[in-house]
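Structure record follows, encoded as structure tokens.
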Amino acid sequence: NAGVTQTPKFRVLKTGQSMTLLCAQDMNHEYMYWYRQDPGMGLRLIHYSVGEGTTAKGEVPDGYNVSRLKKQNFLLGLESAAPSQTSVYFCASRFPTGGAGKETQYFGPGTRLLVL
Amino acid sequence: DQQVKQNSPSLSVQEGRISILNCDYTNSMFDYFLWYKKYPAEGPTFLISISSIKDKNEDGRFTVFLNKSAKHLSLHIVPSQPGDSAVYFCAASAWDNDMRFGAGTRLTVKP
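Same order as they appear, the protein sequences are chains B and U. Take 11 as the starting number for the first sequence in this note's numbering and just add one per residue. Take 27 as the starting number for the second sequence in this note's numbering and just add one per residue.
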């Protein structure tokens, strides 16, 4: 049971390049999330998904697109990278129900992205 | 706008003493509050949570207090241990799926 994994761990892009970050979870979770972490800003939600084939915008969605073609995978795309997108990106997943399941959002180890 | 605020970027305490981490929020719709712990080069891990219908939740050395009238919550760690040194994020969510995080407080526990 690997939990939540993210690929790649680190990437350097030039302004204008595109790339896709992959998140995979093997816990059969319905909900998946993409966050970015910046100094002094905490974690900010980019996009999320409540199930296969569904996506929704979070707090800071501009410049990003996502897809959830399979339940276990959640992809984050940058079509034209900008230096402002230099950040650490975290993926997370959880069960959909409230109570004990609501709080257990499992995070991946993060992807460090540098846009020059 | 930051709906969840952790005004202390860092906190240093002696091993064995109490650590108190604070968090304030502005959105009165938040009904669930959580603390996550993060070590370097790792993702955050869930630590403890509290529902808005309670004012205290305890789990071993960790206790979270919620003061709804003041829109304030705090995490107490007693006794603090060097292994507790990490960044602690406060988070809050409403009935929907959008969870908001604070900027984090870096706790250092000195031996």
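By construction, the Cβ of each residue, glycine as well, lies at the ideal position given by its N, Cα and C atoms.
Cutoff 9 Å: residue i Cβ touching any chain B Cβ
i: G128 (chain U); result: yes
i: A96 (chain U); result: no
i: A112 (chain U); result: no
i: G68 (chain U); result: Position check: residue 68 (chain U) holds Glu in this sequence, whereas Gly was assumed. So yes, E68 (chain U) belongs to the interface.
i: F141 (chain U); result: A question about residue 141 (chain U) goes unanswered here, because the residues of chain U that appear run from 27 up to 137.
i: T52 (chain U); result: no
i: F88 (chain U); result: no
i: D81 (chain U); result: no
i: M55 (chain U); result: no
i: T134 (chain U); result: no
i: P35 (chain U); result: yes
Neighbourhood of residue i by C-beta, 8 Å cutoff - its chain only, sequence neighbours within 5 removed
i: K94 (chain U); result: S78, D81
CB contact below 9 Å: residue i versus chain U
i: G111 (chain B); result: Low per-residue confidence applies at G111 (chain B): pLDDT is 43, beneath 50, and the placement is therefore not dependable, though the value from the model is reported in the following sentence. Closer than 9 Å: no.
i: F84 (chain B); result: no
i: R54 (chain B); result: yes
i: M37 (chain B); result: no
i: G120 (chain B); result: yes
Residue i: first and last residue of the uninterrupted beta strand (DSSP E) it sits in
i: M42 (chain B); result: 41-48
i: L126 (chain B); result: Counting along the chain, L126 (chain B) falls outside any beta strand (DSSP E), and DSSP gives it neither H nor E.
i: N75 (chain B); result: 75-77
i: I56 (chain B); result: 52-59
i: Q40 (chain U); result: 36-40
beta-carbon residue i near the ligand COA non-hydrogen atom, thresh 8 Å
i: G68 (chain B); result: With respect to the ligand COA, the structure offers nothing, as it holds no ligand at all.
Sequence-distant residues of the same chain with beta carbon closer than 7 Å to residue i, five excluded per side
i: L60 (chain U); result: F72, S75, A117
i: Q95 (chain B); result: G73, L88, L123, V125
i: P18 (chain B); result: T121
i: A110 (chain B); result: Low local confidence applies: a pLDDT of 43 at A110 (chain B) is under 50, so the model's placement there is unreliable, with the coordinate-based value given in what follows. Excluding positions up to five away in sequence, the list is empty.
i: Q47 (chain B); result: L53, S97, V98, F100
Presumed contact (8 Å Cβ cut-off) between residue i and residue j, rounded CB distance
i: Y41 (chain B); j: L55 (chain B); result: With 8 Å as the limit, Y41 (chain B) and L55 (chain B) do not qualify as a contact, their Cβ atoms being about 12 Å apart.
i: G130 (chain U); j: V113 (chain U); result: 5 Å
i: V30 (chain U); j: Y62 (chain U); result: Not a contact, Cβ separation roughly 12 Å.
Close beta carbons around residue i, own chain, < 6 Å, minus the five adjacent residues each side
i: A12 (chain B); result: D36
i: N75 (chain B); result: G87
i: R126 (chain U); result: Q29, V30, A118
i: T89 (chain U); result: H102
Subject >> Entirely enclosed beta strand (DSSP E) segments - the region 48-133 of chain U, minimum 3 residues >> reply: 58-64, 71-77, 82-85, 88-93, 98-103, 112-119, 125-127
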